[in-house]
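Using this note's numbering, read the sequence shown as starting at 23 and increasing by one per residue. Where is the CB? At the ideal position from N, CA and C, for every residue including glycine. Predicted, not measured: the structure shown is a model, and the values here were computed from it.
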Amino acid sequence: MPVAHYDIGQSFPVQFVWKLPNGDYLRAVFEVDVVGHVEEADKYIVQLRQLIAGRQETAEGEMRPLEAYSREYWRLVGQLTGNKITVAYEVDDGRPLHLRLATLTGEHNFFWRFARFEDPEKWQNAWLPGRKEKEINPPLPNSPEK
Numbered sequence: 023m024p025v026a027h028y029d030i031g032q033s034f035p036v037q038f039v040w041k042l043p044n045g046d047y048l049r050a051v052f053e054v055d056v057v058g059h060v061e062e063a064d065k066y067i068v069q070l071r072q073l074i075a076g077r078q079e080t081a082e083g084e085m086r087p088l089e090a091y092s093r094e095y096w097r098l099v100g101q102l103t104g105n106k107i108t109v110a111y112e113v114d115d116g117r118p119l120h121l122r123l124a125t126l127t128g129e130h131n132f133f134w135r136f137a138r139f140e141d142p143e144k145w146q147n148a149w150l151p152g153r154k155e156k157e158i159n160p161p162l163p164n165s166p167e168k
């Protein structure tokens, strides 16, 4: 059974990895603060405090020079700071967490779901990267837009 090695108020680094459409890998390491536990799911609730490291590499593992980085995707990485997410206790072992690119582009709500519940008024009409307005705020079941 997985065990939490960090308590609320403590922090540790978490490495995320995404495979980009051109075959490159984007690696981003965030310092996260533990803000809660979901013990029945063996998960931390963490807030991404700061991007502390990152790199982009080819499919063969060769590091790209800074000027060859995908600015579009790195801009999205920068927007993740401050978000709250849940991650399995095992993430504290330092190994990278491989995620679908849709989590970075906003097509999947992995990085945005807590914010929507904490401040629904702010997010009601917010545009998230990669999402269309109707996907974010679908029409109500009995509305004429349906």
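- A straight-line Cα-Cα distance of about 22 Å links L88 and H120.
- In the three-state scheme derived from DSSP, where H, G and I count as helix and E and B as strand, G100 is classed as helix.
- Secondary structure of R93 (DSSP, three-state): helix.
- Restricting attention to L126, R135, T108 and G116, the CA atom closest to the CA of A63 is found in T108.
- Its chain contains Y47 and L123 as the residues whose beta carbon lies nearer than 7 Å to that of K41, once the 5 sequence neighbours on both sides are disregarded; these appear in chain order.
- Counted as a single uninterrupted DSSP element, the stretch harbouring T127 is not any beta strand (DSSP E) but the alpha helix (DSSP H) occupying residues L123 to T127.
- Apart from the 5 residues on each side of it in sequence, V113 sits with its Cβ closer than 8 Å to the Cβ of V36, Y66 and L119 in its chain, given in chain order.
- For L70, the enclosing beta strand (DSSP E) begins and ends at K65 to E79.
- By the Cβ-count criterion, T125 is buried, with 16 or more other Cβ atoms from all chains shown falling within 10 Å of its own Cβ.
- Take F133, set aside five residues on each side of it, and the residues of its chain with a beta-carbon closer than 7 Å to its own are L102, N105, I107 and T125, in chain order.
- Bounds of the beta strand (DSSP E) holding E53 are Y47 to V60.
- Rounded to the nearest whole angstrom, the C-alpha separation of S92 and E82 is 17 Å.
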